[in-house]
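For the sequence shown, the working numbering begins at 5 and goes up steadily by one. Where is the CB? At the ideal position from N, CA and C, for every residue including glycine.
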Amino acid sequence: MASSTHLLPRDSRSDYEKEDFGPTLLSFTAILTLFVVITTGLRVYTRFKSKMLGSDDYTIGFTALLAVVRFALQIEQDKYGNGRHREFVPVADYVHNNMLGWYGQVILFASSAFLKISICLLLLRIKETRRLRMFMYGVMAGLVITNFGCIVILIAQCQPTSKYWTGSPEGKCWDTRVRIYSIYFTISYNLVIDLLLSLTPLKIIWNLQITMQKKLQIWALMSLGCIATGFGVARAASLGLKTSDLSWTYCIAALWSNLELYLGIIAANLSLSRFMYSYFKDGKGGSPHGSVNNRSGYLNSTHSKGDFFVPAGAGNNTHISTNKMHKRPPSTSQSDDSDIPLEPCIQKTVEVWQTSEGGLANEKEQSHVVVQQA
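Rendered as structure tokens:
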């Protein structure tokens, strides 16, 4: 590589030496990280205040944390010549940069898996049927196998593992094609999953009694991750079998990887933008029957088989409701606070009203319609 550089004209050699992709990588990633932190923070905050934190929120929060750690590694890499051509980087710096890049790849595969698992868990919170649950569990198993399989290959490719970044003659490594082809396979699997996850929300809401415009709006919000899918294709195209100039080629691949990962996180958070908007628009709400909780966009109701609460304006009176559920065929009823209709059912209740003096005011048994997830 170095000898071929001397064959270039003087001006071309000067331009080649000055090439540095590091600042471009850091500039784009800094902006993306800012949006990742803001959108994830808003999502977790509003869900926590509404007492609706779920496994999908914990998973996306962990994914965002991994993304921040990856950005921190890339900031450190820039100090050691990341983004410059190998022959213009001191050997010690080149080795240290490759080591940091190796850890960055481990974080990338782990965060990619957790990101898509979070989306699967979100879809299961919207509508959970046995068929959908089995499908999502299969998808998540595949994500773990493919992405963490790449991590296993990264660890086992060279013995000792440090040979990957030192290039020491001692030890041995597998053929580079093992790692690269496993990455190609993982990227291909992720692309297929991205497509399936973008179509699943459309299937869920297609038969609901809402306008076509609202169906498309909801589907568009939950399919924003497809934007990041294109960058996954670019990442695959940027990878090659040559490993002679890793400080330059892997820096470019890192940008495509960051665009795919960080935009995917942002898109997953923006899919709940209607919920976050409703929370800040209508104020805080922690009651199980508060307006904020019903605007989550989920099909799940906040009603349970038995709820014990003090109704607003009831003073010292206590309302105890013991429920018995009886299913009936779904109708077109719709929640007042949600664009997505909920499935109604007949709920038989026994209501006991107790006055502040402790006496029984009345006792009655009645049937009335409530919203309940079947």
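* **K390 (DSSP reduced to helix, strand or coil)** => The structure shown does not extend to residue 390, since the chain spans only 5 to 378, so no value can be given for it.
* Asked: Once you ignore the five residues that flank I197 on each side, which residues in its own chain have a CB closer than 8 Å to its CB?
  -> Here residue 197 corresponds to residue number 193 of the sequence shown, with the count starting at 1. Closer than 8 Å at the Cβ level, and outside the excluded window around I197, lie K120, V143, G146 and L147.
* Cβ pair G26, L77 closer than 9 Å -> As a working note, residue 26 is residue 22 in the sequence shown. As a working note, residue 77 is residue 73 in the sequence shown. No, these two residues do not count as a Cβ contact at 9 Å.
* To do: Quick one: residues in its chain with C-beta nearer than 6 Å to the C-beta of I222, no 5 flanking neighbours on either side, listed in chain order?
  => The sequence position of residue 222 within the sequence shown is 218, counting from 1. Around I222: I209.
* Endpoints, the alpha helix (DSSP H) within which H100 is located -> Here residue 100 corresponds to residue number 96 of the sequence shown, with the count starting at 1. Looking at the DSSP string, the run of the alpha helix (DSSP H) that includes H100 is V95 to I130.
* **Assigned exposure category for Q161 - 16 Cβ within 10 Å defines buried** => For the purposes of this step, residue 161 is identified with residue 157 of the sequence shown, where counting begins at 1. The residue is buried, with at least 16 neighbouring Cβ atoms inside 10 Å.
* To which residues of the same chain is V72 closer than 8 Å at the C-beta, ignoring the five residues directly before and after it? -> Taking the sequence shown and counting its residues from 1, the one referred to as residue 72 is at position 68. T37, V40 and V41, listed in sequence order.
* Rank I270, S277, N194 and L200 by C-alpha distance to the C-alpha of R239 and give the top, closest one. => As a working note, residue 239 is residue 235 in the sequence shown. A check of alpha carbon separations from R239 across I270, S277, N194 and L200 identifies N194 as the nearest.
* Which runs of the alpha helix (DSSP H) spanning at least 4 residues fall entirely within the region 256-282, listed in chain order? -> Restricting attention to alpha helix (DSSP H) runs no shorter than 4 residues, the region 256-282 encloses none.
* Asked: What is the C-beta distance between I398 and I64, in whole angstroms, given that I count them as a contact (C-beta under 8 Å)?
  -> Absent from the structure is residue 398, since the part of the chain shown begins at 5 and ends at 378.
* Could you spell out the range, first to last residue, of the alpha helix (DSSP H) harbouring P27? => Your numbering for residue 27 matches position 23 in the sequence shown. Counting along the chain, the alpha helix (DSSP H) containing P27 begins and ends at G26 to K53.
* Contact under 9 Å by Cβ, E21 with H100 -> Position 17 of the sequence shown, counted from the start, is the residue given in the question as residue 21. Position 96 of the sequence shown, counted from the start, is the residue given in the question as residue 100. Contact flag unset, no.
* To do: Apply the 10 Å Cβ neighbour rule to K83 and answer buried if 16 or more other Cβ atoms are within range, or exposed otherwise.
  => Along the sequence shown, read from residue 1 onward, the residue named residue 83 stands at position 79. K83 should be labelled exposed.
* Can you tell me which of the three DSSP states D19 falls into? => Position 15 of the sequence shown, counted from the start, is the residue given in the question as residue 19. Three-state DSSP puts D19 in a helix.
* Asked: To which residues of the same chain is T170 closer than 7 Å at the C-beta, ignoring the five residues directly before and after it?
  -> Taking the first residue of the sequence shown as position 1, residue 170 is located at position 166. Same-chain partners within the cutoff: V99.
* Three-state class that DSSP yields for Q213 in the structure shown -> As a working mapping, residue 213 is identified with position 209 in the sequence shown. When secondary structure is reduced to three states using DSSP, Q213 falls in the coil class, being assigned neither helix nor strand.
* **Environment of K176 [buried if 16+ CB atoms lie within 10 Å]** => Here residue 176 refers to the residue found at position 172 when the sequence shown is read from its first residue. With fewer than 16 Cβ atoms within 10 Å of its Cβ, K176 is classed as exposed.
* Whole-number beta carbon distance between S192 and G153, since they are thought to touch under 8 Å -> Looking up residue 153 in the sequence shown gives position 149. Looking up residue 192 in the sequence shown gives position 188. In this structure G153 does not touch S192 by the C-beta definition: roughly 13 Å separates them, more than the 8 Å allowed.
* Asked: Under a Cβ-count criterion, where at least 16 other Cβ atoms within 10 Å of its own Cβ denotes burial, should M280 be classed as buried or exposed?
  -> Numbered from 1 along the sequence shown, position 276 holds the residue referred to as residue 280. M280 is buried by the Cβ-count criterion.
* G85 to S275 span [Cα, whole Å] -> Counted from its first residue, the sequence shown places residue 85 at position 81. Counted from its first residue, the sequence shown places residue 275 at position 271. Roughly 38 Å separates the two Cα atoms.
* To do: Pick helix, strand or coil for Q163, following the three-state DSSP scheme.
  => Against the sequence shown, residue 163 aligns to sequence position 159. Strand, per DSSP.
* Would you please state the rounded distance, in angstroms, between the beta carbons of Q81 and G45? I believe it to be under 8 Å. => Against the sequence shown, residue 81 aligns to sequence position 77. Against the sequence shown, residue 45 aligns to sequence position 41. Not confirmed; about 26 Å, so no contact.
* Asked: How long is the line joining the alpha carbons of K167 and L112, rounded to whole angstroms?
  -> Taking the sequence shown and counting its residues from 1, one reaches residue 167 at position 163. Taking the sequence shown and counting its residues from 1, one reaches residue 112 at position 108. Approximately 21 Å, taken between the alpha carbons.
* How would you label A258, buried or exposed, when you count the other beta carbons within 10 angstroms and need 16 or more for buried? -> Here residue 258 refers to the residue found at position 254 when the sequence shown is read from its first residue. A258 comes out buried.
* For E174, count neighbouring C-beta atoms within 10 Å of its own C-beta (all shown protein chains included) and say buried if the count is 16 or more, exposed if not. => By one-based count along the sequence shown, residue 174 stands at place 170. Exposed is the call here.
* To do: State yes or no: is the C-beta of L201 within less than 9 Å of the C-beta of I256?
  => Counting from one through the sequence shown, the residue named residue 201 turns up at place 197. Counting from one through the sequence shown, the residue named residue 256 turns up at place 252. No.
* Let me know the secondary structure DSSP gives D249 once reduced to three states. => The count along the sequence shown starts at 1 and reaches residue 249 at position 245. If DSSP states are grouped into helix, strand and coil, D249 belongs with coil.
* Span of the alpha helix (DSSP H) around E80 -> Here the question's residue 80 lines up with position 76 in the sequence shown. Per DSSP, the continuous alpha helix (DSSP H) segment holding E80 begins and ends at S59 to D82.
* **8 Å Cβ shell around F66 - same chain, five flanking residues per side excluded** => As a working note, residue 66 is residue 62 in the sequence shown. When the five nearest sequence neighbours on each side are left out, the beta carbons in the same chain lying within less than 8 Å of the beta carbon of F66 are those of F118, in order along the chain.
* Inter-residue Cα distance where the pair is A34 and W260 -> Looking up residue 34 in the sequence shown gives position 30. Looking up residue 260 in the sequence shown gives position 256. Those two C-alpha atoms are separated by around 14 Å.
* **DSSP-derived helix/strand/coil call for G146** => Counting from one through the sequence shown, the residue named residue 146 turns up at place 142. In this structure, G146 counts as helix in the three-state DSSP scheme.
* **For V93, the nearest candidate out of I231, S248, T180 and S31 (CA to CA)** => On the sequence shown, residue 93 is found 89 positions in, with the first residue counted as 1. Taking only the C-alpha atoms, the option nearest V93 is S248.
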